[in-house]
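A short worksheet on the structure shown next.
2 protein chains.
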Amino acid sequence: MNKNLAKRILEGDIRAASRLMRDIDDRMPSALEPLKELYPKTGRAYIIGITGPPGAGKSTIVDKMVDIFRKEGKSVGIVAVDPTSPFTGGAILGDRIRMQRHATDEGVFIRSLATRGCLGGLSRSTQDIINVMDAMGKDIILVETVGVGQDEVEIVNTAHTSIVILVPGLGDDIQAIKAGIIEIGDLFVINKADREGADKMERDLRMVLEMGRRRENGWEPLIFKTEATLGKGIFELVYGIYRHKQALEQNPELEKKLRERTKTTFLEILESEVMAHFIEKMEKEGRWEKIIDDLMNRRTDPYSVAERIMASELVDLCTNIQKGQSNKEGGSP
Amino acid sequence: MNKNLAKRILEGDIRAASRLMRDIDDRMPSALEPLKELYPKTGRAYIIGITGPPGAGKSTIVDKMVDIFRKEGKSVGIVAVDPTSPFTGGAILGDRIRMQRHATDEGVFIRSLATRGCLGGLSRSTQDIINVMDAMGKDIILVETVGVGQDEVEIVNTAHTSIVILVPGLGDDIQAIKAGIIEIGDLFVINKADREGADKMERDLRMVLEMGRRRENGWEPLIFKTEATLGKGIFELVYGIYRHKQALEQNPELEKKLRERTKTTFLEILESEVMAHFIEKMEKEGRWEKIIDDLMNRRTDPYSVAERIMASELVDLCTNIQKGQSNKEGGSP
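Residue numbers (our numbering), protein chains in the order written: chain S, 1 to 333; chain Z, 334 to 666.
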């Protein structure tokens, strides 16, 4: 069944793509083989990352940008990364309205990504989903994340063009501006620009950018003012994306950025695969309770247990994997 | 030198504690041994997690709470987790003013945590720092995180009491409320409660809490209104913390929460140790460039490379670790 999944996706089967993305989201090991098959077809999409605090209007801006991309005849993928819900394990935000609006457009593929509170899971799943959309042949992939957390910054930072959306009236604007997102933005948007404080925010932002920022590639971040609900300023923003794309293409920095992106993605995959093996093994062997008991009673410490597990368990793990690989094929290392 | 570090910390040597925390922040392998030695002395501090969007007034609230704790004669540790700055690798926020205010008080130990954009690094370092403060004998440890990202949610979620701070006037209040933090709060604070929209926010929040929420431990989240800069409502908030602490202590849920916390912490340590070994090994052997070249050219895919590395590299890794362990002592596994 999965054997054909990658092939069906490459042939344009939307349902096959949805199925694989669901498997990715559920962390099904069966997703691995189709992902391997799709990978050679990736690397063609232009990836745009969008972040900013809750309520900044990210969804509306994405929505209006999609309108423009569609009018240009480009196919679009949207990955909406929702924050973890540790109790229900489901997505909380997820802009249902936007989804419905584009739901009938075959050129737009939207996937809301719910994370299950797993270790290091958010970036990994996002990258997998991006790879699927890329292989599907989407011209543009928009990755929208909520918040300014470490994972979110990482996700947006691996895009070709990173857009940071701000909004006046957060109270401590400069603090909000500084909160970890100032240095990842290629483009900045001050949305709801009709609000009081928009001009001051622009001045402050410009100052912060001029002071703090040294970009090796010589790109000077652009600032845009929008009123997204009215569609104001969106065309200029899209034009800004193209300007940045062009600057990247004429610059060796693009190669560097792509290498960095490839490395990060790879490390995330390696990490989650290794941890999945460990956790599965400990769960199967029912060793969790003993380990946690010992830690709770301070009979040992987590640092030593980690060392011991790496030393003893890894040998079994390696043996099993090698066995599995040599069973499958005589593949060279 | 490091041999004595743990001992000196347990004897109350502040400079030794600072030194170890700097090593933790810099990911020095030398931090591991002191952390092992300190672990048996942990588990006594009460850990309070605080999160909320930028500009909500977290620092001010922490500041005022510390005043109350200090008047009660409690010693306090503060861990301020700043978002990643991928370009400079340093902390951006870091409330210097607050730090100066308490800098002369020996009962308060403040550590601002800068993360280096490493994989899974944020939670791991935070837990290590908490362990050091715990071993130092701090009665209360306040962990303050910016933003609503996955890592931040995880950090706050492992505290004994989790406080979510909100502020009216974000524009789309309900959206802000829902952004992933609603389900982790034991206590909610509406700060700047003199602002327009505070009452509506409280009503909305109460509704969301009543609708969406089913907590197994029977704890009904409390809502507080504060004007932190004037000190209004802070005493009530601290009283709320004590009520929640009492509820936890009378409830088997506490045990469950502590077990979950222990497990999460352990997994983070295991993960970062395993990955550190992998990365070091690949860097030493100069294999990165070849791997990334192959991935960039789509000659292979990251999923297969991860499998191969796990299979081949791990054997060497295990052998080395086992060798190292047997050199040190004949320790039982």
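Beta carbons are placed, not taken as given, at the ideal position from N, Cα and C, and that holds for glycine.
Please read all numbers here as calculations on a predicted model, not as lab measurements.
query = Which of helix, strand or coil does DSSP assign to residue 363(Z)?
reply = Counting from one through the second sequence, the residue named residue 363(Z) turns up at place 30. The answer is helix: DSSP assigns residue 363(Z) an H, G or I state.
task = With a threshold of 16 other CB atoms inside 10 Å of the CB of residue 460(Z), please say whether the residue is buried or exposed.
result = In the second sequence, the residue the question calls residue 460(Z) occupies position 127. Residue 460(Z) should be labelled buried.
message = Just list the residues that DSSP pairs residue 497(Z) with in beta bridges.
response = Position 164 of the second sequence, counting from 1, holds the residue named residue 497(Z). In the DSSP output, where bridge partners are listed per residue, residue 497(Z) has 384(Z), 521(Z).
ask   = Can you name the residues of chain S whose CB is closer than 8 angstroms to the CB of residue 373(Z)?
value = Here residue 373(Z) refers to the residue found at position 40 of the second sequence. Residues of chain S passing the Cβ test: 298, 301.
request  = Say yes only if the C-beta of residue 61(S) is nearer than 6 angstroms to one or more non-hydrogen atoms of the ligand ZN, and no if none qualify.
outcome  = This structure simply doesn't include the ligand ZN, nor any ligand for that matter.
query = Of all the CB atoms in chain S, is at least one closer than 7 angstroms to the CB of residue 565(Z)?
reply = As a working mapping, residue 565(Z) is identified with position 232 in the second sequence. So no, residue 565(Z) is outside the interface.
request  = Can you pull the chain S residues whose beta carbon is under 8 angstroms from the beta carbon of residue 393(Z), in chain order?
outcome  = Position 60 of the second sequence holds residue 393(Z). What residue 393(Z) touches in chain S: nothing, since even the nearest Cβ is about 10 angstroms away.
inquiry  = Report the CB separation of residue 477(Z) from residue 395(Z) in whole angstroms; it is logged as a contact under 8 angstroms.
reply    = To locate residue 477(Z), count along the second sequence from 1; it is residue 144. To locate residue 395(Z), count along the second sequence from 1; it is residue 62. Residue 477(Z) to residue 395(Z), Cβ: 6 angstroms. Contact.
query = Mind checking if residue 592(Z) is an interface residue toward chain S, Cβ cutoff 7 angstroms exclusive?
reply = Sequence index remark: in the second sequence, residue 592(Z) carries index 259 (1-based). Answer yes: the Cβ-Cβ gap between residue 592(Z) and chain S drops below 7 angstroms somewhere.
key: Range covered by the beta strand (DSSP E) that runs through residue 240(S)   = Along the first sequence, read from residue 1 onward, the residue named residue 240(S) stands at position 240. Unbroken run through residue 240(S) is the alpha helix (DSSP H), 234-249; no beta strand (DSSP E).
ask   = In three-state DSSP terms, what is residue 605(Z)?
value = Here residue 605(Z) refers to the residue found at position 272 of the second sequence. Residue 605(Z): helix per DSSP, three-state reduction.
query = So which residues on chain S does residue 585(Z) lean against when the C-beta distance must stay under 8 angstroms?
reply = As a first step, residue 585(Z) must be located in the second sequence, where it is residue number 252. Residues of chain S passing the Cβ test: none, with the nearest at roughly 14 angstroms.
Contacting residues, own chain, Cβ-Cβ under 8 angstroms from residue 599(Z) (five flanking each side not counted) = Looking up residue 599(Z) in the second sequence gives position 266. None.
message = Quick test of your reading: residue 561(Z) and residue 384(Z), contact by CB under 8 angstroms. State the CB separation rounded to the nearest angstrom.
response = The residue given as residue 561(Z) occupies position 228 in the second sequence. The residue given as residue 384(Z) occupies position 51 in the second sequence. Wrong, their Cβ atoms sit about 15 angstroms apart, outside the cutoff.
ask   = Hey, out of 537(Z), 339(Z), 556(Z), 597(Z), whose CA is closest to residue 288(S)'s CA?
value = As a first step, residue 288(S) must be located in the first sequence, where it is residue number 288. Among 537(Z), 339(Z), 556(Z), 597(Z), the Cα nearest to that of residue 288(S) belongs to 597(Z).
query = Under 7 angstroms between C-beta atoms, does residue 274(S) make it to chain Z?
reply = On the first sequence, position 274 is the one that residue 274(S) refers to. Taking Cβ atoms only, chain Z reaches closer than 7 angstroms to residue 274(S), which makes this a yes.
request  = Can you pull the chain Z residues whose beta carbon is under 8 angstroms from the beta carbon of residue 304(S), in chain order?
outcome  = Within the first sequence, the letter at position 304 stands for residue 304(S). Correct list: 369.
key: Selection from 76(S), 193(S), 256(S) that minimises the alpha carbon distance to residue 158(S)   = As a first step, residue 158(S) is located in the first sequence; it is residue number 158 there, counting from the start. Answer by Cα proximity: 256(S).
Residue from 348(Z), 516(Z), 400(Z), 377(Z) with nearest C-alpha to residue 555(Z) = Position 222 of the second sequence holds residue 555(Z). If we check each option's Cα against that of residue 555(Z), 516(Z) comes out closest.
query = Cβ of residue 458(Z) within 7 angstroms of Cβ of residue 382(Z)?
reply = Residue mapping note: residue 458(Z) aligns to position 125 of the second sequence, counting from 1. Residue mapping note: residue 382(Z) aligns to position 49 of the second sequence, counting from 1. In this structure, residue 382(Z) does not lie closer than 7 angstroms to residue 458(Z) by Cβ.
query = Taking the alpha-carbon positions, what's the residue 441(Z) to residue 473(Z) distance?
reply = For this step, residue 441(Z) is matched to residue 108 along the second sequence. For this step, residue 473(Z) is matched to residue 140 along the second sequence. Answer to the nearest angstrom: the Cα atoms are 10 angstroms apart.
request  = Would you please state the rounded distance, in angstroms, between the beta carbons of residue 462(Z) and residue 446(Z)? I believe it to be under 8 angstroms.
outcome  = The sequence position of residue 462(Z) within the second sequence is 129, counting from 1. The sequence position of residue 446(Z) within the second sequence is 113, counting from 1. The Cβ separation is near 6 angstroms, so the contact holds.
message = Could you check whether the Cβ of residue 345(Z) sits closer than 7 angstroms to any Cβ belonging to chain S?
response = Translated into the one-based positions of the second sequence, residue 345(Z) becomes position 12. No, residue 345(Z) does not count as interfacial toward chain S.
Bridge partners - residue 227(S), DSSP secondary structure assignment = To locate residue 227(S), count along the first sequence from 1; it is residue 227. Answer is 232(S), bridged to residue 227(S).
ask   = Taking the continuous alpha helix (DSSP H) assigned at residue 300(S), which residues delimit it?
value = Your numbering for residue 300(S) matches position 300 in the first sequence. Looking at the DSSP string, residue 300(S) is not in any alpha helix (DSSP H), and its letter there is neither H nor E.
key: For residue 604(Z), the nearest candidate out of 232(S), 46(S), 275(S) (CA to CA)   = By one-based count along the second sequence, residue 604(Z) stands at place 271. Here the closest residue by C-alpha is 275(S).
inquiry  = Quick check on this structure: which residue in 246(S), 242(S), 260(S), 190(S) has the alpha carbon closest to the alpha carbon of residue 232(S)?
reply    = Sequence index remark: in the first sequence, residue 232(S) carries index 232 (1-based). With distances taken between Cα atoms, residue 232(S) lies closest to 190(S).
request  = Per DSSP, which residues does residue 143(S) bridge with? Please list them.
outcome  = In the first sequence, counting from the first residue as 1, residue 143(S) sits at position 143. Note: residue 143(S) sits in a beta bridge opposite 49(S), 79(S).
query = If residue 502(Z) and residue 530(Z) are in contact, beta carbons under 8 angstroms, what's the gap, nearest whole angstrom?
reply = Reading the second sequence from its first residue, position 169 is the one you call residue 502(Z). Reading the second sequence from its first residue, position 197 is the one you call residue 530(Z). Right, their Cβ atoms sit about 6 angstroms apart.
ask   = Using 7 angstroms as the limit for Cβ to Cβ distance, is residue 596(Z) near chain S?
value = Your numbering for residue 596(Z) matches position 263 in the second sequence. Yes, residue 596(Z) lies at the interface with chain S (some Cβ there is under 7 angstroms from its Cβ).
message = Quick check on this structure: which residue in 637(Z), 630(Z), 641(Z), 644(Z) has the alpha carbon closest to the alpha carbon of residue 44(S)?
response = Mapped onto the first sequence, residue 44(S) falls at position 44. It is 630(Z).
ask   = Where does residue 592(Z) sit, in a helix, a strand or coil, going by DSSP?
value = In the second sequence, the residue the question calls residue 592(Z) occupies position 259. Helix at residue 592(Z).
Residues of the stretch 17-36 of chain S with Cβ closer than 7 angstroms to any Cβ of chain Z, in chain order = 32, 35, 36
key: Residue span of the alpha helix (DSSP H) that contains residue 444(Z), given as start and end   = By 1-based counting over the second sequence, the position of residue 444(Z) is 111. Residue 444(Z) -> not in any alpha helix (DSSP H); beta strand (DSSP E) instead, spanning 441-446.
request  = Whole angstroms is fine: what's the gap from residue 364(Z)'s alpha carbon to residue 610(Z)'s?
outcome  = Locating residue 364(Z) in the second sequence gives position 31, counting from the first residue. Locating residue 610(Z) in the second sequence gives position 277, counting from the first residue. Looking at the two C-alpha atoms, the distance is approximately 15 angstroms.
inquiry  = Just to confirm the assignment, what range does the alpha helix (DSSP H) spanning residue 74(S) have?
reply    = As a working note, residue 74(S) is residue 74 in the first sequence. No alpha helix (DSSP H) contains residue 74(S), which DSSP labels as neither H nor E.
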